[in-house]
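Numbering (the working numbering), first residue to last: 1 to 580. So the structure is just underneath, and the comments pick up after that.
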Ligand code: C2E
Ligand code: MG
Ligand code: MG
């Protein structure tokens, strides 16, 4: 299929249509003619009034120089501009005007038998020759430029406008603020066509699809103004304008989808082609071309992920979350496979600022070295069932490091590790704890496992049994993020834990009012009544610290006395603690 300049889908025609360029050019054309008429009229008036001038139309016969000379040049410039900027129409108009002048001067010369008209006749003939040369020259340049531009905006294989043409139109629509939908289209399973039938057949399929879609766009059967482009490989982008509802967009897309339904035979082989369509709308979904592309792309990924019979999907912000979840899941899998999950150690202190131990906190970087926050990847790991593997990696690495440090320094400090419900509920969890204790050399009484209240709600009996066995090994148990779950006090009363960790959210609010402070004081009292030590998490400022001292908190973990540290910094802190 060859690109055709007359097609409605041609970029320039569409841009003209969008920009109403033709209106502007018409106005410029008329303006030039008016200017020309005004200058020639002025020359004539000067000629009529002057003693030594001649009664001529254009001023070819008035003396060169002076004001009439300037006006005469201006008239010529108008004609040349018409030829240069308005192609054939400009040329024909200018030539017509010049021939008219020529015949009038010639007639005057003949009827008045005067040779004084000769310079005018000669000048006119020269101008005619000049505009013919200019026209022929600029027609050639224009033709060449048009061809180059056509090539730059045309996809060679299918003859459709290409990615560049698509961006050009998008930018123009955004510039003038016209509403439109950008539909990203991906041919399903195209790779297998290429690999089973060869690239040539694959190309024929792409050409045939382009042909069918171009027909729809050119004939306007969809009821909207469509612009179909091929942006790469088996990916097309459709720009839809002139609709009045989301339903209308879908209806238009359905036309393109149905066109694939008709049998497609290449080299005597029947292909049954389907495609996925993801779309986003300007300006309601996004305001830049890049975001529209990326949102339509997000929608298309979701269509492919869902694998159901609906192949058309509009972008919604929720899709970004799904997309990010999938992306993070991939990064967690990579990190687990390459064993790159690491940990930091956040110090815990008693109220006299004496080091109690450290909590191991998971850290993860993606392959580009960017840090992904635990608040982002831990919930994803929980959701996709990878959290037990993350827990194990942190547990193993932190225990090995800390066990080594204990041997080296004979320190009696604690190491706390977080255990998710999924991890704790695994049948071999106890074996894992035993194995890690024996290989790391970490004494059981220096290991603390942090569990959350949710375990008491989700799997009460089994959890209780497991935790009792852990305690029997001599390992300590802490209840993390206390106050954010819904555990009953009676259950907590019997719970074999040592430490209650008050969640940061309570500490944040603690000094904002009397009742908030009393709330924290009550948690500390209850913890003490039940026989637990109480640690406050997320302590950041001195006021919080003072209040916690006043209401009898036992331990502190927070930025005020220590952020999560690298291994070597934690080791240095341990050394300083030994020497003090
Ligand atoms: P968490 O177990 O309650 O850990 C305490 C979190 O509070 C840590 O965040 C710590 O950096 C942060 N924190 C401590 N003091 C302050 C403070 O003064 N100000 C502020 N703004 N933050 C403070 P991090 O490391 O981002 O971890 C977040 C959560 O991710 C942890 O909360 C824990 O629930 C989870 N997590 C981290 N590592 C693991 C792990 O290995 N396994 C499991 N299952 N969860 C983990
Ligand atoms: Mg914790
Ligand atoms: Mg916590």
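Heads up, the beta-carbon is just placed ideally off N, CA and C, and yes, glycines get one too.
- Checking the 7 angstroms criterion, the Cβ of residue 231 is out of range of every heavy atom belonging to ligand 1.
- Approximately 4 angstroms separates the beta-carbon atoms of residue 255 and residue 222; this is inside 8 angstroms, confirming the contact.
- Secondary structure note for residue 347: its beta strand (DSSP E) is the uninterrupted segment 342-350.
- Collapsing the DSSP output to three states places residue 133 in a helix.
- Unbroken beta strand (DSSP E) stretches of 3 residues or longer found wholly inside the region 403-481: 414-418, 447-452, given in chain order.
- Residue 476 and residue 445 have their alpha carbons spaced roughly 6 angstroms apart.
- Here the distance from the Cβ of residue 450 to the nearest heavy atom of ligand 2 is below 7 angstroms.
- The residue from 105, 12, 462 with its alpha-carbon nearest to that of residue 154 is 12.
- Contact between residue 214 and residue 266 is ruled out by a C-beta separation of about 18 angstroms, above the 8 angstroms threshold.
- For residue 278, the pairing in a beta bridge is given by DSSP as 184, 313.
- Look at residue 307 here: in three-state DSSP terms it is coil, with no helix or strand label.
- The residues 289, in chain order, have a CB closer than 6 angstroms to that of residue 170 in the same chain once the five nearest residues on each side in sequence are set aside.
- Only residues of its own chain outside the window of five on either side were considered, and among them 506, 510 have a CB closer than 6 angstroms to the CB of residue 520, listed in chain order.
- In this structure, DSSP gives residue 530 a state outside helix and strand, which the three-state scheme calls coil.
- The shortest C-alpha to C-alpha distance from residue 576 to any of 394, 128, 354, 382 is the one to 354.
- Distances from the CB of residue 503 to the heavy atoms of ligand 3 include at least one below 7 angstroms.
- Comparing alpha-carbon positions, the option among 484, 351, 442, 461 lying closest to residue 533 turns out to be 351.
- Between residue 408 and the set 571, 32, 25, the nearest pair of CA atoms involves 571.
- The secondary-structure analysis by DSSP pairs residue 154 across a beta bridge with 161.
- Judged by pairs of C-beta atoms under 8 angstroms, the region 158-178 does not touch the region 109-124, as fewer than three such pairs exist.
- The beta carbon of residue 243 is closer than 6 angstroms to those of 224, 249 in its chain, skipping five residues each way along the sequence.
- Bounds of any alpha helix (DSSP H) do not take in residue 236; it lies within the beta strand (DSSP E) bounded by 235-241.
- At a cut-off of 7 angstroms, the beta-carbon of residue 454 does not count as near ligand 1: no heavy atom of the ligand is closer than that.
- For ligand 3, no non-hydrogen atom lies closer than 7 angstroms to the CB of residue 540.
- Annotation: the continuous beta strand (DSSP E) that includes residue 555 extends over 555-557.
- Rounded to whole angstroms, the gap between the alpha carbons of residue 199 and residue 233 is 11 angstroms.
- Residue 362 has its Cβ nearer than 7 angstroms to a heavy atom of ligand 1.
- The Cβ-Cβ distance between residue 335 and residue 345 does not fall below 8 angstroms.
- Scanning the region 96-147 for uninterrupted beta strand (DSSP E) segments of 3 residues or longer gives nothing; none is fully contained.
- Ranked by how close their Cα comes to the Cα of residue 337, the residues 367, 311, 309, 357 have 367 in first place.
- Here residue 508 is not bridged, per DSSP, to any residue.
- The beta-carbon separation of residue 128 and residue 102, rounded to 7 angstroms, stays under the 8 angstroms limit for a contact.
- According to the DSSP assignment, residue 545 belongs to no beta strand (DSSP E) but to the alpha helix (DSSP H) extending over 542-550.
- Not one heavy atom of ligand 1 lies closer than 7 angstroms to the C-beta of residue 436.
- For residue 147, there are no CB contacts under 7 angstroms within the same chain when 5 residues up- and downstream are skipped.
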